[in-house]
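**Student:**
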Amino acid sequence: MSTPLPEHAVKAWIAGFGVAVPRGATATAHAELEAAAAGLAPPLVVKAYGPGLLHKSDAGAVRLGLGSAAAAAAAAAEMLDSLAARGIVPDGFLVEEQAPAGVEVIVGAVRDPAFGPVLLVGLGGVFTEVLRDTALRLAPITEADAWAMLEELRGAALLDGLRGRPPVDRGALVKVLLAVSDMVTALGDGFTEFELNPVICGPDGAVAVDARLVGATGLEPPAPVPSAPAPVTDFTPLFAPRGVAVVGASTKKPNFGNMFLGFYRAAGFPGRLVAVHPTAPEIDGVPCVPSLAEVGPDVDYALVAVPAERCAGVVREARGIPFVQVMSGGFREMGHPELEADLLDAARSAGVRLLGPNCMGVYSPAGGQTFIGGTPGRPGRVAVVSQSGGLAGEVIKVGERRGLAFSTVATVGNSADVTPAELVRHLAADPGTSAIGLYLEDPRDGRGLYEALRAVDKPVVALVGGRSGQGRKAAASHTGGMISDARVWSALAAQAGISLVTSQDDLIGVLDLFDLHGGRPAPGTGDVLVIGPSGGASVLAADAFDDAGLELAPLPDAAREALRAMGLGAGSSLANPLEIPVGPRGDPGLVRNAVTAILAERPFADVVAHVNVQSFFTFGDSADPLLAYARSVGELQRSRPGTRVTLVVRNAECAPPGVEDAVRETAREAGVPVYRGMEAAAVAVAAAKRHVRSVHGSA
Numbered sequence: 000m001s002t003p004l005p006e007h008a009v010k011a012w013i014a015g016f017g018v019a020v021p022r023g024a025t026a027t028a029h030a031e032l033e034a035a036a037a038g039l040a041p042p043l044v045v046k047a048y049g050p051g052l053l054h055k056s057d058a059g060a061v062r063l064g065l066g067s068a069a070a071a072a073a074a075a076a077e078m079l080d081s082l083a084a085r086g087i088v089p090d091g092f093l094v095e096e097q098a099p100a101g102v103e104v105i106v107g108a109v110r111d112p113a114f115g116p117v118l119l120v121g122l123g124g125v126f127t128e129v130l131r132d133t134a135l136r137l138a139p140i141t142e143a144d145a146w147a148m149l150e151e152l153r154g155a156a157l158l159d160g161l162r163g164r165p166p167v168d169r170g171a172l173v174k175v176l177l178a179v180s181d182m183v184t185a186l187g188d189g190f191t192e193f194e195l196n197p198v199i200c201g202p203d204g205a206v207a208v209d210a211r212l213v214g215a216t217g218l219e220p221p222a223p224v225p226s227a228p229a230p231v232t233d234f235t236p237l238f239a240p241r242g243v244a245v246v247g248a249s250t251k252k253p254n255f256g257n258m259f260l261g262f263y264r265a266a267g268f269p270g271r272l273v274a275v276h277p278t279a280p281e282i283d284g285v286p287c288v289p290s291l292a293e294v295g296p297d298v299d300y301a302l303v304a305v306p307a308e309r310c311a312g313v314v315r316e317a318r319g320i321p322f323v324q325v326m327s328g329g330f331r332e333m334g335h336p337e338l339e340a341d342l343l344d345a346a347r348s349a350g351v352r353l354l355g356p357n358c359m360g361v362y363s364p365a366g367g368q369t370f371i372g373g374t375p376g377r378p379g380r381v382a383v384v385s386q387s388g389g390l391a392g393e394v395i396k397v398g399e400r401r402g403l404a405f406s407t408v409a410t411v412g413n414s415a416d417v418t419p420a421e422l423v424r425h426l427a428a429d430p431g432t433s434a435i436g437l438y439l440e441d442p443r444d445g446r447g448l449y450e451a452l453r454a455v456d457k458p459v460v461a462l463v464g465g466r467s468g469q470g471r472k473a474a475a476s477h478t479g480g481m482i483s484d485a486r487v488w489s490a491l492a493a494q495a496g497i498s499l500v501t502s503q504d505d506l507i508g509v510l511d512l513f514d515l516h517g518g519r520p521a522p523g524t525g526d527v528l529v530i531g532p533s534g535g536a537s538v539l540a541a542d543a544f545d546d547a548g549l550e551l552a553p554l555p556d557a558a559r560e561a562l563r564a565m566g567l568g569a570g571s572s573l574a575n576p577l578e579i580p581v582g583p584r585g586d587p588g589l590v591r592n593a594v595t596a597i598l599a600e601r602p603f604a605d606v607v608a609h610v611n612v613q614s615f616f617t618f619g620d621s622a623d624p625l626l627a628y629a630r631s632v633g634e635l636q637r638s639r640p641g642t643r644v645t646l647v648v649r650n651a652e653c654a655p656p657g658v659e660d661a662v663r664e665t666a667r668e669a670g671v672p673v674y675r676g677m678e679a680a681a682v683a684v685a686a687a688k689r690h691v692r693s694v695h696g697s698a
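Right, here's the structure in full:
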């Protein structure tokens with residue numbers, strides 16, 4: 000573990016950034032401490048510093064509440080003997096004026112290997128040790144970020160004063176956060192962990208009484224290392240190639256290469272399709288050439304499906320082909336980074352951009368690209384970037400089954416060359432893409448991805464695999480132990496204004512809502528109106544929307560009067576969620592009429608209508624009433640183009656085959672997304688609101 004720099008040196012450095020620290024002095028021997036402390040006002044604090052004293056309190060290297068300089072010197076002598084018994088010889092002693100009591104706060108940062116400096120703030124003492132009441136952001140942060148971090152703390156009320164205590168100066172604490180952000184941003188890769196613990200906050204300011212910097216060779220920021228500019232690549236030939244070459248198809252035993260030839264043929268690829276084989280004139284009816292070097296100028300994309308150790312040699316022959324995708328696995332992900340390095344070198348020497356390795360390729364119905372069997376779906380405006388080819392295929396199949404239409408789905412596997420960050424930048428500028436979904440595990444260029452996501456003004460939803468719930472076990476500080484991969488992703492999402500989901504189903508569900516509602520201004524209130532049958536379902540709906548961070552505001556008095564005039568409210572309360580009779584014998588237009596009356600009094604930006612499908616077939620045998628209800632909800636959406644209307648079909652499995660699809664199709668024609676459960680709808684609606692707030696600052 001790295002030896003931390005002496006505390007007094009770190010404090011002198013942070014003071015230059017405007018962080019208040021106690022007055023103090025140092026002495027290399029305890030006998031010199033009394034003279035060093037002569038000008039300080041008691042009570043005093045003495046600390047030893049040097050190797051083996053990373054955690055000074057644990058080693059018994061701190062004494063508090065000392066009444067004089069002589070008492071400080073005596074405490075240092077006792078400390079010296081105690082440390083010697085542990086085999087620790089300190090380099091010296093720091094004596095300081097003890098800060099007045101206040102609210103203890105921890106402010107720290109770690110250098111994340113993917114995302115760079117990550118800042119943390121939390122309430123000190125038991126709140127940090129046991130409750131882990133902390134908030135994170137990627138540095139550098141803005142002043143708005145700093146204030147938001149303090150608001151996120153569950154114990155934030157402690158900062159405002161409790162039981163007669165005065166409130167702390169939050170503004171001073173915000174300045175500390177901004178200063179630490181500046182420090183660790185300046186250090187860049189020149190540190191491992193940095194911590195002020197505690198910062199004592201009171202009504203008159205904030206004082207850092209302990210400071211620790213690990214993994215830095217000095218306090219001067221390291222000289223910046225020139226970095227290569229971010230690649231600027233026209234990805235159009237990747238998504239709509241003039242020609243495709245497949246390497247690895249066999250004349251004897253069908254393999255992945257043959258499978259891809261079949262995919263392109265079944266999809267009706269409109270360009271030139273060619274196989275690469277050293278001797279065969281054709282494979283499965285597709286003409287062959289001996290090598291990639293001989294494919295000709297009209298091939299923009301080559302797919303390589305040969306064993307990992309042969310891939311670099313194949314890619315070196317691809318000069319003149321803009322994009323090469325390596326499907327093969329067996330590289331870094333299988334413990335062979337040297338093969339991946341050789342592959343990347345081959346791509347660069349050939350002047351091609353490399354997709355993968357260990358990826359399935361690209362799906363683009365408009366451009367003829369595919370990596371799945373069957374006829375491609377209709378072209379759309381939803382794009383996905385995925386590090387998993389299998390999951391991407393599932394998203395396509397399930398999404399299209401639900402009515403989604405894709406512009407592009409790109410799988411990147413190990414991302415040895417083309418990264419998710421590059422593709423996000425491209426899709427952000429693509430007029431044919433209106434919403435972006437991500438599945439990521441190791442983004443490779445995490446900082447670049449963060450910057451790309453901050454610049455996107457289109458809605459983005461991300462599903463992240465492999466997020467660890469464990470703290471960093473080798474961390475030298477409390478800060479390092481409380482920053483996990485999951486929390487870093489959450490911080491990134493908060494700053495970039497994107498939505499994080501925890502399941503494939505929610506990824507598809509959010510993209511569905513983005514697709515249908517992304518163009519709606521939805522200028523109404525930030526809360527949600529939920530309406531449908533069954534009091535129990537309404538209670539559960541309230542819980543689901545509360546869990547998603549959404550508010551169900553009460554109905555205005557005028558709206559309740561209008562509902563009573565419609566004959567509603569006789570056997571139920573007129574609240575939100577609003578219980579309303581919907582069934583096979585009910586009026587299919589009742590929900591539309593009730594919502595119209597409510598919106599006249601309060602402009603809810605989001606309306607979620609739910610229906611119990613089971614009741615339509617328990618008390619009836621025709622799908623017509625249910626379809627009439629779906630049409631009525633669609634009419635509501637058409638009449639309110641500025642309101643986002645969402646439909647939840649509960650217990651849809653109770654409908655006869657084909658009915659759920661018919662309901663979904665009817666609703667989607669009117670621009671209404673359909674979900675099977677309240678939880679999925681709540682996640683999607685929350686994502687829409689998050690995007691609108693990040694872009695427009697409203698609902």
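Numbering that gives the first Met the number 0 numbers the first residue of the sequence shown as 0 and each following residue consecutively. Where is the CB? At the ideal position from N, CA and C, for every residue including glycine.
#1: I'd like to know whether the C-beta atoms of His-7 and Leu-93 end up nearer to each other than 9 angstroms.
#2: Can you check the stretch 302 to 341 for any beta strand (DSSP E) of at least 3 residues that lies completely inside it and give the ranges in chain order?
#3: Kindly identify the DSSP beta-bridge partner or partners of Arg-352.
#4: For Gly-242, count neighbouring Cβ atoms within 10 angstroms of its own Cβ and tell me buried if that reaches 16, exposed if not.
#5: Alpha carbon to alpha carbon, how far is Phe-114 from Pro-3? Give it in angstroms, no decimals.
#6: Between Gly-160 and the rest of its own chain, which residues show a CB-CB distance below 8 angstroms, the 5 nearest in sequence each way excluded?
#7: Kindly indicate which residue of Asp-299, Pro-306, Val-303 has the alpha-carbon position closest to the one of Ile-320.
#8: Let me check understanding here. Comparing Cα to Cα, which of Gly-372, Gly-367, Gly-585 lies closest to Thr-407?
#9: When we look at the beta-carbon of Val-538 and count the other beta-carbons within 10 Å, is it buried (16 or more) or exposed?
#10: Check Ser-387 in the structure and name its three-state DSSP category.
#11: Measure the C-alpha to C-alpha separation of Ser-414 and Pro-522 and round it to an integer number of angstroms.
#12: By the three-class DSSP mapping on this structure, what secondary structure does Pro-116 have?
#13: What are the residues that DSSP puts in a beta bridge with Ala-46?
#14: Tell me the rounded alpha-carbon separation between Ala-391 and Gln-324.
#15: By DSSP, does Ile-13 sit in helix, in strand, or in coil?
#16: Just how far apart, CA to CA, sit Leu-176 and Ala-145?
#17: Which of the three DSSP states, helix, strand or coil, is assigned to Ser-363?
#18: Measuring straight from C-alpha to C-alpha, what distance separates Leu-598 and Ala-604?
#19: Under three-state DSSP, which class holds Ser-249?
#20: With a Cβ-Cβ cutoff of 9 angstroms, do Val-109 and Phe-193 count as a contact?
#21: Ignore the nearest five residues each way along the sequence and tell me which others in Arg-401's own chain have a CB closer than 8 angstroms to its CB.
#22: Among Thr-642, Leu-452, Ser-363, Ala-207, which one has its Cα closest to the Cα of Ser-693?
#23: Could you please give the first and the last residue of the uninterrupted alpha helix (DSSP H) stretch that includes Asp-545?
#24: Below 8 angstroms, how does it come out for the stretch 245 to 258 and the stretch 269 to 282: are there three or more Cβ pairs, yes or no?
#25: What whole-angstrom Cβ distance do Leu-43 and Gln-97 have, given they're in contact under 8 angstroms?
#26: Please go through the same chain and pick out, in chain order, the residues whose beta-carbon is closer than 7 angstroms to the beta-carbon of Phe-702, but skip the five residues on each side of it.
#27: Excluding the five sequence neighbours on either side, which residues of its own chain have a C-beta within less than 6 angstroms of the C-beta of Ala-365, listed in chain order?
#28: So which of Ala-14, Ala-75, Gly-59 has the shortest CA-CA distance to Thr-27?
#29: Between Glu-332 and Trp-12, what straight-line distance do the alpha-carbon atoms span, to the nearest angstrom?
#30: Grouping DSSP H, G and I as helix and E and B as strand, with all else coil, what is Glu-600?
#31: Report all residues from its chain with a CB closer than 6 angstroms to the CB of Val-18; omit the five preceding and five following residues, and keep chain order.
#32: By DSSP, does Leu-499 sit in helix, in strand, or in coil?
#33: On the DSSP bridge assignment, give the partners of Glu-192 in chain order.
#34: Residues bridged to Pro-286 by DSSP?
#35: Classify Thr-216 as buried or exposed, calling it buried when 16 or more other Cβ atoms lie within 10 Å of its own Cβ.
#36: One question on the structure: do Ala-346 and Gly-329 come within less than 9 angstroms of each other, judged by their Cβ atoms?
**Tutor:** On the basis of the data shown:
#1: Taking the first residue of the sequence shown as position 1, residue 7 is located at position 8. Taking the first residue of the sequence shown as position 1, residue 93 is located at position 94. Closer than 9 angstroms, so yes.
#2: 322 to 325
#3: Sequence index remark: in the sequence shown, residue 352 carries index 353 (1-based). In DSSP, Arg-352 forms a bridge with Phe-322.
#4: Stepping through the sequence shown from its first residue, residue 242 is reached at position 243. Counting Cβ neighbours within 10 Å, Gly-242 comes out buried, since at least 16 surround it.
#5: Within the sequence shown, the letter at position 4 stands for residue 3. Within the sequence shown, the letter at position 115 stands for residue 114. The straight-line gap from Cα to Cα measures roughly 23 angstroms.
#6: Along the sequence shown, read from residue 1 onward, the residue named residue 160 stands at position 161. Closer than 8 angstroms at the Cβ level, and outside the excluded window around Gly-160, lie Pro-166, Val-167.
#7: Here the question's residue 320 lines up with position 321 in the sequence shown. Selected option, being the one with the closest Cα: Asp-299.
#8: As a working mapping, residue 407 is identified with position 408 in the sequence shown. Ranking the options by Cα distance to Thr-407, first place goes to Gly-367.
#9: Counting from one through the sequence shown, the residue named residue 538 turns up at place 539. The residue is exposed, with fewer than 16 neighbouring Cβ atoms inside 10 Å.
#10: The count along the sequence shown starts at 1 and reaches residue 387 at position 388. Coil at Ser-387, not helix or strand.
#11: On the sequence shown, residue 414 is found 415 positions in, with the first residue counted as 1. On the sequence shown, residue 522 is found 523 positions in, with the first residue counted as 1. Spanning the two alpha carbons is a distance of roughly 40 angstroms.
#12: The residue given as residue 116 occupies position 117 in the sequence shown. Strand, per DSSP.
#13: Within the sequence shown, numbered from 1, the residue matching residue 46 stands at position 47. Ala is not the amino acid found at residue 46; the sequence shown has Lys there. Partner(s): Val-61, Leu-93.
#14: To locate residue 391, count along the sequence shown from 1; it is residue 392. To locate residue 324, count along the sequence shown from 1; it is residue 325. Answer to the nearest angstrom: the Cα atoms are 16 angstroms apart.
#15: If you number the sequence shown from 1, residue 13 lands on position 14. Helix, per DSSP.
#16: Position 177 of the sequence shown, counted from the first residue, corresponds to residue 176. Position 146 of the sequence shown, counted from the first residue, corresponds to residue 145. Going by the C-alpha atoms only, they are around 6 angstroms apart.
#17: Looking up residue 363 in the sequence shown gives position 364. Ser-363: strand per DSSP, three-state reduction.
#18: Reading the sequence shown from its first residue, position 599 is the one you call residue 598. Reading the sequence shown from its first residue, position 605 is the one you call residue 604. Taking the straight line from one Cα to the other gives about 9 angstroms.
#19: The sequence position of residue 249 within the sequence shown is 250, counting from 1. Note: Ser-249 maps to coil in three-state DSSP.
#20: By 1-based counting over the sequence shown, the position of residue 109 is 110. By 1-based counting over the sequence shown, the position of residue 193 is 194. Going by C-beta atoms, Val-109 is nearer than 9 angstroms to Phe-193.
#21: Mapped onto the sequence shown, residue 401 falls at position 402. Closer than 8 angstroms at Cβ, skipping near neighbours: Ile-507, Asp-511, Arg-663, Val-673.
#22: Taking the sequence shown and counting its residues from 1, the one referred to as residue 693 is at position 694. For Ser-693, the nearest C-alpha among the options comes from Leu-452.
#23: Taking the first residue of the sequence shown as position 1, residue 545 is located at position 546. It spans 534 to 546 - the alpha helix (DSSP H) in which Asp-545 sits, taken as one unbroken run.
#24: yes
#25: The residue you call residue 43 lines up with position 44 of the sequence shown. The residue you call residue 97 lines up with position 98 of the sequence shown. Rounded, the Cβ-Cβ distance is 6 angstroms, consistent with contact.
#26: Coverage of the chain is limited to positions 0 through 698, which leaves residue 702 absent and any answer about it impossible.
#27: Start at 1 with the first residue of the sequence shown, and residue 365 comes out as number 366. Same-chain partners within the cutoff: Pro-378.
#28: For the purposes of this step, residue 27 is identified with residue 28 of the sequence shown, where counting begins at 1. Selected option, being the one with the closest Cα: Ala-75.
#29: The sequence position of residue 332 within the sequence shown is 333, counting from 1. The sequence position of residue 12 within the sequence shown is 13, counting from 1. Computed Cα separation, rounded: 42 angstroms.
#30: Reading the sequence shown from its first residue, position 601 is the one you call residue 600. Residue state, collapsed to three classes: helix.
#31: Translated into the one-based positions of the sequence shown, residue 18 becomes position 19. Excluding residues within five positions, the ones whose Cβ falls inside 6 angstroms are Val-175, Ala-178, Ala-207.
#32: If you number the sequence shown from 1, residue 499 lands on position 500. Note: Leu-499 maps to strand in three-state DSSP.
#33: In the sequence shown, the residue the question calls residue 192 occupies position 193. The partner list for Glu-192 (beta bridge, DSSP) reads Val-109, Val-213.
#34: Mapped onto the sequence shown, residue 286 falls at position 287. Glu-281, per the DSSP bridge assignment.
#35: As a working mapping, residue 216 is identified with position 217 in the sequence shown. Exposed: under 16 other Cβ atoms inside 10 Å.
#36: Here residue 346 refers to the residue found at position 347 of the sequence shown. Here residue 329 refers to the residue found at position 330 of the sequence shown. No. Outside cutoff.
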